[in-house]
Amino acid sequence: MKKFSKVMALFLIFTLCITSLAACGKGKNTNNQNAGKVSGGDTAGTKDTSKDDKTKDPVILKWIQIGGQPNNMDAAVKNMNEYSIGKIGVGVEFTYLDWGIWGDKVTAMINSGEKFDIMFTNGDKYSSAVSLGAFADITDMLKDTPDLQKFVPETLWSGAKINSKIYGVPTYKDSSQTQYWVWDKELVDKYKIDYEHIETVDQLDPVLYKLQDEIKAGNITGTDYALTTAKDGINGFLMNYEGPSAALGVRFDDKNAQVVNVFEQQDIMDILTHMHKWYKDGIVNPDAATLDQGPAWVIVSSGQGFPGSDVDWGKGRGKDTVSHPFAGPLYSTGTILGSVNAISSNSDHKAEALKYLELCNTDPKMRNMLAYGIEGVDWTDNGDGTVTRTPDCYSPAAYSQASFFTMSPVAPNSADQWTKVQEWNEKATSSVLLGFSFDRTNVENELAACDLILSRYKQELYTGTSDPEEVVPKLYSELTKNGGLEKIRTEYQNQINEWLKTK
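With mature numbering (1 follows the signal peptide of the UniProt record, and there is no 0) as the guide, the letters of the sequence shown map in order to residues -22 to -1, 1 to 481.
Set out below in structure tokens:
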């Protein structure tokens, strides 16, 4: 009997060992519902020397991202998972939603309660998802990720707040907005254009007329117009106003936070009036209002950027550029919410998801893998603080992932590119509405009606095709009569006033 007991005991011990080993092989989250997801691959080969043996049962998070699925995806994600699991016991699998479907798809996912752990979001998508209870409140959880909480400036955390709570990790990058006049360097040098002292349309005006004369004389070739634009006109010219509609907003420096008709304001009317004058005088291309995108090369244009952007602008134009800001840098709720990663309120791994976002934002090695893929395959380290990417490499939308400031710049950008951007952010002015989030629920129909009306006017207004002295009064009359503009104004102002009481 004793011998039989010993045999049975040994059999039970053997069975328990086999069961334990099988359990250790379970690495993947079972929330794998969408087509298009990409797994991080087998992590069984990961070695772990940490005391708590994190890789025994790694958590694999599902992260919803924007854009087309990058090349070399399986290998890149497997590589980063080996690193992150070794560090914190957490890996990831991505579901990429292409640019054209991202907005509708994330709305459908949230409305249906589809499972995910982390989701890239922005602007109104973030606010509306919070109002539906789709994103977890991470305000108190941040104390468990002190490196992340400290790394992201308080201004950005404030911009991500809704009703004093934080529901997502804002991406710390070129988070303030700056608009530049971007010039062809060769023409600047040839005509000795004092571009560093041109900010307003009044200052730009005589230069454009001089350049147009040179075009007519045949001294400048490659274009018939000194100012070639697409249908958005001067890109970013409304940036100093924040509102639920382009036609309605609060100026960033108005301490009274009064909602105004944006197109009636003197600074905006000056721009619209100059555009119309330039259009009539043949300085602006006559097809501007119908163009979704202008030509690659132009003499001068407006662009949103940051210190060092001339490298990319020059590559895009095929010629060197120089630039000078005419507005900003400015922090607003909108600029900060341009990129946020939120954790699902239905996630079974909220703490792990936040810890993973902390690693992505604060660990340079992890950040480079996340943005660039596998070193030696997708990119090489130049040894000077920059990297060079290989052809057809892994290339996701880096702005949607994590901070730029732990990521190596891509040559020919300088090694201090992101340091300069970080310093530029520190100069930014904060909008009086920073941290305010508008609840559109009570005026959704009115906003839709106003957007429809505005769509019939804005291209011709922005490009100078129409006379703003005639069009702006007509526009506001129709917005008021048929769009419910005053209801929107009242709702927006009331919410601002209530929010100001809590500051």
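Built from N, CA and C at the ideal position, the CB exists for glycine as well. Predicted model, so just to flag it, every value in this text is computed and none were measured.
Counting other Cβ atoms within 10 Å of its Cβ, Arg345 reaches 16 or more and is therefore classed as buried. About 16 Å separates the CB atoms of Ser381 and Gly363; that is not less than 8 Å, and the two are not in contact.
When the five nearest sequence neighbours on each side are left out, the beta carbons in the same chain lying within less than 8 Å of the beta carbon of Leu412 are those of Thr133, Ser136, Gly137, Tyr309, Ser310, Thr311, Ile314, in order along the chain.
The straight-line gap separating the alpha-carbon atoms of Val318 and Ile96 is approximately 10 Å. Counting the other CB atoms within 10 Å of its CB gives Leu478 a total below 16, which places it among the exposed residues.
With contacts defined as CB atoms closer than 8 Å, Asp288 and Ser280 fail to qualify as a contacting pair.
Secondary structure at Arg434: coil, using DSSP grouped into helix, strand and coil. Counted as a single uninterrupted DSSP element, the beta strand (DSSP E) harbouring Glu71 occupies residues 68 to 75. Annotation for Asp180: the continuous alpha helix (DSSP H) segment containing it runs 179 to 194.
Sequence-distant partners of Asn324 (beyond 5 residues in either direction) whose C-beta falls short of 7 Å from its own C-beta, in its chain, are Gly91, Lys93. An exposed status is given to Gln236, since fewer than 16 other beta-carbon atoms sit within 10 Å of its beta-carbon. Secondary structure of Trp396 (DSSP, three-state): helix.
Going by C-alpha positions, Tyr187 is about 25 Å away from Lys436.
Annotation: Gly312 is outside any beta strand (DSSP E); the continuous alpha helix (DSSP H) that includes it extends over 311 to 314.
Membership of Pro48 in any alpha helix (DSSP H) is not indicated, and neither H nor E is assigned to it by DSSP. By the criterion of a C-beta distance shorter than 7 Å, Glu330 is surrounded in its chain by Val37, Leu39, Val68, once the five residues flanking it on both sides are discounted. Nearest to Thr149 by C-alpha distance, out of Gln471, Ala375, Thr407, is Ala375. Counting only runs of 3 or more residues that sit fully inside the region 362 to 386, the beta strand (DSSP E) segments are 365 to 367, in chain order. When Asn391, Thr178, Met51, Ile63 are compared, the shortest CA-CA separation from Asp245 is found for Thr178. Excluding the 5 residues flanking it on each side, Ile466 has same chain C-beta neighbours closer than 8 Å at Pro222, Ser223, Leu226, Val421, Glu424, Leu425, Cys428, in chain order. For the pair Glu404 and Lys333, the Cα-to-Cα distance works out to about 26 Å. With a contact defined as Cβ atoms closer than 8 Å, Leu189 and Ile198 qualify at about 7 Å. Bounds of the beta strand (DSSP E) holding Asp162 are 155 to 162. Nearest Cα to Ile42 within the set Ala86, Gly64, Ile66: Ala86.
Boundaries of the alpha helix (DSSP H) harbouring Asn460: 446 to 461, taken from the DSSP string. For Gly296, the closest alpha carbon among the candidates Ile277, Gly283, Pro285 is that of Ile277. Only exposed fits Pro273, as fewer than 16 other CB atoms lie within 10 angstroms of its CB. Per the coordinates, the alpha-carbon of Ser415 lies some 8 Å from the alpha-carbon of Lys139. Ile431 and Lys170 have their C-alpha atoms spaced approximately 44 Å apart. For Thr251, the secondary structure class from DSSP, reduced to helix, strand or coil, is helix. Thr340 is classed as buried because its beta carbon has at least 16 other beta carbons within 10 Å across all chains shown.
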